[in-house]
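Asks: Numbering (the working numbering), first residue to last: 14 to 174. We put the CB at the ideal spot given by N, CA and C, even for glycine. Questions regarding the structure given below will be posed in turn.
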């Protein structure tokens with residue numbers, strides 16, 4: 014049980030929870046790191062940005078040299094409508110220009126959300142908020158365990174008890 018205002022990233026089940034308090038939380042479907050790119054631990058939101066610019070980190074450019082070195086914020090930007098930076102890491106919780114990736118293990122370690130969900134979380138969370146990223150289990154997750162709301166459905170944001 015975490016205090017109100019905490020973000021919990023349930024990596025194995027591709028959900029993000031924003032703790033409201035009184036045993037309640039907002040639940041959002043997310044896309045997470047593909048095999049070899051998941052991570053866990055505790056961070057804090059260090060910065061927030063609307064329609065952020067994207068500068069792929071050097072580690073990503075080494076793997077994908079065709080990537081642009083800079084992309085201005087906007088609808089075509091992979092960072093989507095909002096970004097919440099995680100400590101001094103290269104990782105962020107952000108929107109996406111690929112809504113079909115929600116519920117999947119596809120990123121280089123960032124946590125992707127539908128843009129509407131990223132905007133909602135962005136408005137709720139404060140700089141300094143605690144973020145807990147849960148580890149993947151030691152055994153592979155069954156594909157059926159990764160059920161997330163379909164993009165564009167009314168089920169993308171839910172209140173969980």
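Apply the 10 Å Cβ neighbour rule to residue 17 and answer buried if 16 or more other Cβ atoms are within range, or exposed otherwise.
Replies: Position 4 of the chain shown, counting from 1, holds the residue named residue 17. With fewer than 16 other Cβ atoms within 10 Å, it is exposed.
Asks: Out of curiosity, what's the CA-to-CA distance linking residue 101 and residue 60?
Replies: If you number the chain shown from 1, residue 101 lands on position 88. If you number the chain shown from 1, residue 60 lands on position 47. Cα-Cα distance, rounded: 10 angstroms.
Asks: In three-state terms, what does DSSP make of residue 154?
Replies: Here residue 154 refers to the residue found at position 141 when the chain shown is read from its first residue. Annotation note: pLDDT 49 at residue 154 (below 50); position unreliable, no value reported.
Asks: Could you tell me if residue 142 is buried or exposed, where buried requires 16 or more neighbouring beta carbons within 10 angstroms of its beta carbon?
Replies: Counting from one through the chain shown, the residue named residue 142 turns up at place 129. Classification of residue 142: buried, given that the 10 Å Cβ count is 16 or more.
Asks: How many angstroms separate the CA atom of residue 84 from the CA atom of residue 103?
Replies: Numbered from its first residue, the chain shown carries residue 84 at position 71. Numbered from its first residue, the chain shown carries residue 103 at position 90. Straight-line Cα distance between these residues: approximately 16 angstroms.
Asks: Can you tell me whether residue 15 is buried or exposed, with buried defined as 16 or more other CB within 10 angstroms of its CB?
Replies: Taking the chain shown and counting its residues from 1, the one referred to as residue 15 is at position 2. Answer is exposed; the Cβ neighbour count stays below 16.
Asks: Using DSSP bridges, identify the partner residues of residue 52.
Replies: For the purposes of this step, residue 52 is identified with residue 39 of the chain shown, where counting begins at 1. According to DSSP, residue 52 bridges with nothing at all.
Asks: Starting from residue 133, trace the alpha helix (DSSP H) both ways and give me its first and last residue.
Replies: Residue numbering aside, residue 133 sits at position 120 when the chain shown is read from its first letter. Residue 133 -> alpha helix (DSSP H) spans 128-137.
Asks: Taking the continuous beta strand (DSSP E) assigned at residue 202, which residues delimit it?
Replies: Past the edges of the chain, shown from 14 to 174, lies residue 202, and the structure says nothing about it.
Asks: Considering only residues of the same chain and omitting the five flanking positions on each side of residue 23, which have a CB-CB separation below 8 angstroms?
Replies: Residue 23 sits at position 10 when you count from the first residue of the chain shown. Closer than 8 angstroms at the Cβ level, and outside the excluded window around residue 23, lie 29, 30 and 147.
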